[in-house]
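Accompanying notes for the structure given below.
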Amino acid sequence: MISVVLDMAGGALLLLGLVLLTISLIGVLRQPGTFGQLHAQGLATGPGVMAVLASSIATENAATITFAVLAIVFIALTSPVSAHAIARAAHRRRPRRHGAAPKAAAPEGTAPDGEPEQTR
Amino acid sequence: MLAQVLRVVVLTTIYLLALTSLRPGDVLVGLVLSTVVVATAARIRTSTSDRGRSLRRRLAGVPGLIGGTLVDLAKGTWATTRCLMGGGLPHGGLVEVPIPPSGQGAAAAWGIRVGFVPDTVVVELDERKGTMLLHVLDARDPDAVIADQIDSYERRQRRVFP
Numbered sequence: 001m002i003s004v005v006l007d008m009a010g011g012a013l014l015l016l017g018l019v020l021l022t023i024s025l026i027g028v029l030r031q032p033g034t035f036g037q038l039h040a041q042g043l044a045t046g047p048g049v050m051a052v053l054a055s056s057i058a059t060e061n062a063a064t065i066t067f068a069v070l071a072i073v074f075i076a077l078t079s080p081v082s083a084h085a086i087a088r089a090a091h092r093r094r095p096r097r098h099g100a101a102p103k104a105a106a107p108e109g110t111a112p113d114g115e116p117e118q119t120r
Numbered sequence: 001m002l003a004q005v006l007r008v009v010v011l012t013t014i015y016l017l018a019l020t021s022l023r024p025g026d027v028l029v030g031l032v033l034s035t036v037v038v039a040t041a042a043r044i045r046t047s048t049s050d051r052g053r054s055l056r057r058r059l060a061g062v063p064g065l066i067g068g069t070l071v072d073l074a075k076g077t078w079a080t081t082r083c084l085m086g087g088g089l090p091h092g093g094l095v096e097v098p099i100p101p102s103g104q105g106a107a108a109a110w111g112i113r114v115g116f117v118p119d120t121v122v123v124e125l126d127e128r129k130g131t132m133l134l135h136v137l138d139a140r141d142p143d144a145v146i147a148d149q150i151d152s153y154e155r156r157q158r159r160v161f162p
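Chains as they are written, first to last, in the UniProt record's numbering: chain D, 1 to 120; chain S, 1 to 162.
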């Protein structure tokens, strides 16, 4: 009985993870700006991968589940840092309205990645 | 002292989980490595801001922190999915969130907790200025974003990383 429940939960988590990874991929391809793409990849590196790894409960193998849990913890701690590094670099490459001229040619008030600059 | 022992136990547990082994030799090596890491970290640590804080009180807040972060993750995932499958991010923008004066590591923990949720991206984190620059899906009402972030910090994180 418990095996059937774990199989179903594992299958559901795997399906959820794959759906989120697919949406993330579509988002990365469709979003024009770096920040939009970072939001999209956040779906993959956060809940998407976590759901796929959590589906390992269906294996009922302690070693596999342990590795999956460790991988989830590792991803939870490292993926925000990598996203922050990319976002910081993208933000620093943006042209400033007041100050030094941007290195990349871009319309006024527009970042090189096509996003309007709007700090609020 | 209790905190140091707890750190050694946690590190040893992670080591043994990574090895998936409970052999006495592995346990011994794990204990030695963990003790060295904890002792070194204790010597390097200069701030004493956390000393007076109750470890038990902080540990009691961990389930709330993890549970609250998972709730934020679910909400953020839903919001991001709707945006990506809809018309994109027409109202996306940067919002500067003030960070209240806090202890060592609190700002970093805040950044990781917020950055883990897909609907917010941490762009800059400046402990000296006490600000965190976020990119959010909907920046039309920055005051609401700031209030949400402060509320989230107060309810989920403050007990563990004050």
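C-beta: ideal position from N, C-alpha, C; glycine also. Every value quoted in this text rests on a predicted model; they were computed, and no experiment measured them.
Sequence-distant residues of the same chain with beta carbon closer than 7 Å to residue i, five excluded per side
| i | result |
| --- | --- |
| D:Asp7 | Ala58 |
Member of the options whose CA lies at the smallest distance from the CA of residue i
| i | options | result |
| --- | --- | --- |
| S:Ala109 | S:Val62, S:Arg43, S:Ala3, S:Pro24 | S:Val62 |
| D:Gly33 | S:Asp26, S:Leu137, S:Ala60 | S:Leu137 |
| S:Val5 | S:Arg58, S:Arg158, S:Arg159, S:Leu31 | S:Leu31 |
| D:Gln37 | S:Asp151, S:Leu133, S:Asp143, S:Val121 | S:Val121 |
| D:Val19 | S:Asp26, S:Thr81, S:Ile112 | S:Thr81 |
| D:Ala89 | D:Val49, D:Ser24, D:Phe35 | D:Phe35 |
| D:Phe74 | D:Leu53, D:Asn61, D:Glu60 | D:Leu53 |
Span separating the alpha-carbon of residue i from that of residue j
| i | j | result |
| --- | --- | --- |
| D:Arg30 | D:Leu43 | 14 Å |
| S:Thr20 | D:Ala63 | 6 Å |
| S:Leu17 | D:Phe67 | 8 Å |
| S:Ile44 | S:Met85 | 48 Å |
| S:Pro118 | D:Gly46 | 7 Å |
| S:Asp148 | S:Thr12 | 37 Å |
| S:Met1 | D:Arg93 | 47 Å |
| D:Ile26 | S:Ala42 | 46 Å |
Residue j beta carbon less than 8 Å from that of residue i
| i | j | result |
| --- | --- | --- |
| S:Val123 | D:Ala87 | yes |
| S:Gly68 | S:Arg155 | yes |
| S:Thr131 | S:Val95 | no |
| D:Leu14 | D:Ser79 | no |
| S:Pro162 | S:Ala107 | no |
| S:Arg56 | S:Val160 | no |
8 Å Cβ shell around residue i - same chain, five flanking residues per side excluded
| i | result |
| --- | --- |
| residue 170 of chain S | Not covered by the structure: residue 170 of chain S. The range shown for chain S is 1 to 162. |
Cross-chain neighbours of residue i in chain D, by beta carbon under 8 Å
| i | result |
| --- | --- |
| S:Glu124 | Arg88, His91 |
Neighbouring residues, chain S, relative to residue i (Cβ below 8 Å)
| i | result |
| --- | --- |
| D:Ala63 | Thr20 |
| D:Leu38 | Val121, His135 |
| residue 152 of chain D | Residue 152 of chain D is absent from the model: chain D starts at 1 and stops at 120. |
Contacts that residue i makes with chain S (C-beta to C-beta distance below 7 Å)
| i | result |
| --- | --- |
| D:Phe35 | Gly92, Val121, His135 |
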